[in-house]
Structures are given as C-alpha cells and as structure tokens.
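Residue numbers (my numbering): 9 to 176. Even for Gly, the Cβ is constructed at its ideal location relative to N, Cα and C.
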Amino acid sequence: SLCGMVALEWSFQYPQDFKRQVIMNGSCSDSCSIIERLKPISLPAFFKVPIAKTTLEQEQLILGFNVNYADLRDHNLLKQWQNFAENSPNNTFNIAKQLYVAINFSSPKKVHIPSLFLTSKGDQLVSYRCSKKLAKKYNCNIKVHEKAGHDLTHDEPYWVAEQIKEMT
9 SLCGMVALEW
19 SFQYPQDFKR
29 QVIMNGSCSD
39 SCSIIERLKP
49 ISLPAFFKVP
59 IAKTTLEQEQ
69 LILGFNVNYA
79 DLRDHNLLKQ
89 WQNFAENSPN
99 NTFNIAKQLY
109 VAINFSSPKK
119 VHIPSLFLTS
129 KGDQLVSYRC
139 SKKLAKKYNC
149 NIKVHEKAGH
159 DLTHDEPYWV
169 AEQIKEMT
C-alpha cells in the first residue's frame with residue numbers, strides 16, 4: 009500500500025512517465041480514518057514485529073498479517089523472507105520514516121492516467137473501503153477480491169494478472 013501511495017504521487021507529478029497504473033490496497037489520510045488505514049485487528053501482531061527476538065519471528069508475524077492463505081505461508085516462503093530480511097536489513101529509523109510518510113500521505117487532487125484500484129475484503133491490514141474511496145474520488149475502476157490478504161500478488165497472482173490484463 010505504501011508503494012501505491014508513491015505511485016499515485018509520482019504519476020500525479022510526472023504523468024508522462026506512465027501509460028497507466030494499478031494501485032493495490034491504497035489509502036490516504038485525507039479520506040480514510042486511521043482505523044481503516046491500519047485495522048485494529050492487525051495491531052497486536054504489527055506492534056510485535058519490532059520487538060521480536062529473531063528475524064524468523066519478525067517475518068513470521070509479517071507473513072501472518074500479509075498472506076491470508078495458510079497453505080501459501082509455508083516454510084520455504086518464510087525462509088525466503090527471512091533470508092531477504094537478513095541480507096537487506098531495514099533499520100528502525102527507515103521503518104519509522106516509512107510509517108510517518110504512510111500515516112501522513114494525502115492523495116493527489118487527481119490522476120492524469122488510466123488507473124485501476126485492486127483490493128480485498130480479506131485484507132487484515134487496510135480496509136478495502138480505502139481503495140473504494142480513492143477509486144470513487146478519481147472516477148476509476150476498482151476490483152475487489154473477497155478473501156485475499158494484503159499481499160494480493162502472493163495470495164492471488166492469477167486474479168491480479170487477469171485484472172491487469174482486462175485493463176489493457
């Protein structure tokens with residue numbers, strides 16, 4: 009969702025860089041409440057991440073609130089995420105900056121390019137209503153999955169690809 013915020017702002021400022029865009033699980037401070045932007049149900053696990061004792065434990069927590077399909081949260085994926093986190097660590101200062109930007113992001117006045125919003129009712133982090141509000145604001149298409157988690161491309165890669173294919 010942070011990448012969606014970046015994409016919205018980038019395409020607003022530099023529309024010539026893009027032909028179209030897909031925003032997944034977007035949210036913004038000017039049209040969504042804080043409890044829509046970070047669902048209370050995810051808070052216990054979310055706040056355990058920085059105090060987890062091991063990288064494996066951190067990645068297990070992150071995987072738990074990003075991926076809904078238990079069969080996709082296998083040991084191999086967890087090890088991949090752990091290896092990535094250990095080989096490219098993100099320090100506390102960078103994480104704090106990212107959270108600050110995400111919390112304070114206000115959506116651009118308009119979008120200049122065709123945009124598609126993708127979201128899921130099953131997202132444990134961000135309410136699908138945030139994406140619906142943005143799609144309505146910009147008069148853009150939105151597709152809502154019923155069960156996938158925040159990481160739509162992991163839970164439902166074929167569904168995401170099909171929505172993008174239909175857009176083109």
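Taking only the alpha-carbon atoms, compute the straight-line gap between residue i and residue j and give it to the nearest angstrom.
{"i": "His83", "j": "Lys118", "result": "42 Å"}
{"i": "Glu65", "j": "Val57", "result": "8 Å"}
{"i": "Glu44", "j": "Gln106", "result": "18 Å"}
{"i": "His158", "j": "Glu67", "result": "15 Å"}
{"i": "Gln24", "j": "Met175", "result": "19 Å"}
{"i": "Met32", "j": "Phe125", "result": "6 Å"}
{"i": "Ala60", "j": "His120", "result": "42 Å"}
{"i": "Pro165", "j": "His153", "result": "12 Å"}
{"i": "Asp79", "j": "Ser9", "result": "23 Å"}
{"i": "Ser96", "j": "Val168", "result": "27 Å"}
{"i": "Asn102", "j": "Ala93", "result": "14 Å"}
Going by beta carbon distance, what residues of the same chain come within less than 7 Å of residue i, once the five residues before and after it are set aside?
{"i": "Asn99", "result": "none"}
{"i": "Val75", "result": "Arg81, Gly157, Asp159, His162, Asp163"}
{"i": "Ile49", "result": "Gln132"}
{"i": "Gly12", "result": "Ile31, Met32, Asn33, Gly34"}
Closer than 6 Å by C-beta to residue i: which residues in its own chain qualify, once you throw out the five before and the five after it? Chain order, please.
{"i": "Lys155", "result": "Gly130"}
{"i": "Ile111", "result": "none"}
Where DSSP assigns a beta bridge to residue i, which residues make up the other side?
{"i": "Val152", "result": "Thr127"}
Go ahead and label residue i buried or exposed: buried means 16 or more other beta carbons lie within 10 angstroms of its beta carbon, across all protein chains shown.
{"i": "Val109", "result": "exposed"}
{"i": "Ser128", "result": "buried"}
{"i": "Tyr146", "result": "buried"}
{"i": "Ser114", "result": "exposed"}
{"i": "Lys151", "result": "buried"}
For the beta strand (DSSP E) that contains residue i, what are its first and last residues?
{"i": "Val30", "result": "29 to 32"}
Could you spell out the range, first to last residue, of the alpha helix (DSSP H) harbouring residue i?
{"i": "Cys138", "result": "136 to 146"}
{"i": "Gly72", "result": "63 to 74"}
{"i": "Phe20", "result": "10 to 21"}
{"i": "Ile43", "result": "42 to 45"}
Can you find the residues in the same chain that come closer than 8 Å, C-beta to C-beta, to residue i, ignoring five residues on each side of it along the sequence?
{"i": "Cys40", "result": "Ser135, Arg137, Cys138, Lys141"}
{"i": "Pro180", "result": "Residue 180 falls outside the range modelled here, since the chain spans only 9 to 176, and no answer is possible."}
Any heavy atom of the ligand FAD closer than 7 Å to the beta-carbon of residue i?
{"i": "Glu44", "result": "This structure does not include the ligand FAD; it has no bound ligands of any sort."}
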